[in-house]
Amino acid sequence: MNSDLFRGTLEPVEKALRDAKMDKSQIHDIVLVGGSTRIPKIQKLLQDFFNGRELNKSINPDEAVAYGRLFRPPSSWAILLTTCRTCCCWTWRRCHWIEVTFDIDANGILNVSAVDKSTGKENKITITNDKGRLSKEEIERMVQEADKYKAEDDLQREKIAAKNALESYAFNMKSSVEDEKMKGKISEDERKKVIDKCNQAISWLENNQLADKEEYEHQLKELEKVCNPVITKLYQGGMPAGSCGEQARSSAGSSTQGPTIEEVD
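Using full-length UniProt numbering, you'd call the opening residue of the sequence shown number 1 and step up by one each time.
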């Protein structure tokens, strides 16, 4: 009943890997933090997701949350900061009243102007600091190089998306048919056939990290040929929404869509 909720807990993990532009094979330790990590099902899903890696349970989940609340409390002051701040410093009577304005632009150039309010006299100065900055020519060269390699980046991104689609589909199908609720819904031979094919796809992925997009798509199609008849049988048998077929396909999508664990700019 809660299998879809359990699998949903992997979405933040995939997003964290995607935002960090890392593959799960690059993770050294999987540290459990938060009360929900005590649930054995979540621990098993995480361990399977990281290819059987041992989980680090040395941190007390409740203490971690309490420390975070203590050292990073939310700010409720609602202080409004403007881009132009005015400040008056009072001096002795009959002294000149000078208004000084500081303005810094997006390029880090500082413009300072001073106006004598009694006489209207004004002086301006521009302060630039080119030390450590890229020249205009260097910036233009970098933009041209970015355009040049954009096509290569797009191809790499599509390849990684195809790889992640295959990995996600295989993982979710295997997890679904191993669920205790699936017993009696499909025969033991069908169950074993799906698990063996998923293991074969996962093993192929581990040994072919540099495969092409077309190879990943071909492997996904071969896996779907084995899994689709089982999914069809489950639907014909009256499986409720959120069944294994729907869960696996919602995570993997088509051969060109799926959760992107790796990412290339």
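For every residue, glycine included, the Cβ atom is placed at its ideal position computed from N, Cα and C.
Per DSSP, the bridge partner or partners of LEU110: ILE104 and ILE127
Burial state of SER177, where buried means 16 or more other Cβ atoms lie within 10 Å: The residue asked about is misnamed: residue 177 is Val in this sequence, not Ser. Classification of VAL177: buried, given that the 10 Å Cβ count is 16 or more.
Exposure label - ALA106; buried when at least 16 CB within 10 Å: exposed
For ARG18 and ALA211, the rounded distance between their alpha carbons: 20 Å
Short Cβ contact (9 Å threshold) for TYR216 with ALA165: yes
Buried versus exposed call for LYS197 [16 or more other C-beta atoms within 10 Å across all chains shown]: buried
Residues near VAL31 in its chain [Cβ-Cβ closer than 7 Å; skip 5 each side]: ASN56 and ILE59
DSSP bridge partner residues for ASN56 (one or two, in chain order): VAL31
One or two residues paired with ASP116 in a DSSP bridge: ILE98
Cβ contact check for the segment 188-203 and the segment 225-234: 3 or more pairs under 8 Å: yes
Per-residue DSSP class, three states only, for ILE186: strand
Bounding residues of the alpha helix (DSSP H) (the contiguous stretch that carries TYR169): 150-177
Option nearest ARG7 by Cα separation, candidates LEU46, SER203 and ASP116: LEU46
Residue interval of the alpha helix (DSSP H) (run including LEU234): 213-236
Cβ-based neighbour list, ILE109, same chain, cut-off 7 Å, excluding 5 preceding and 5 following: THR126 and THR128
Sub-9 Å separation of SER36 and ILE27 beta-carbons: no
Endpoints, alpha helix (DSSP H) assigned at LEU210: Unbroken run through LEU210: none, as it is neither H nor E.
Proximal residues to PHE49 (C-beta, below 8 Å), its chain only, five neighbours per side dropped: LEU10, VAL13, LYS24 and PHE171
Cβ distance (whole Å) where VAL143 is taken to contact LYS124 below 8 Å: Not a contact, Cβ separation roughly 32 Å.
Beta-carbon proximity of ILE98 to ALA114, cut-off 9 Å: yes
Under 9 Å between C-beta atoms of SER3 and LYS233: no
C-beta contact flag for LEU205 and GLU167 at 9 Å: yes
Contact under 9 Å by Cβ, LEU223 with ALA162: no
Coil, strand or helix - TRP77 by DSSP: In this prediction, TRP77 scores a pLDDT of 45, lower than 50, which makes its location untrustworthy; the coordinate-derived value is nonetheless stated afterwards. In the structure shown, TRP77 sits in coil (DSSP, three-state: anything other than H, G, I, E or B).
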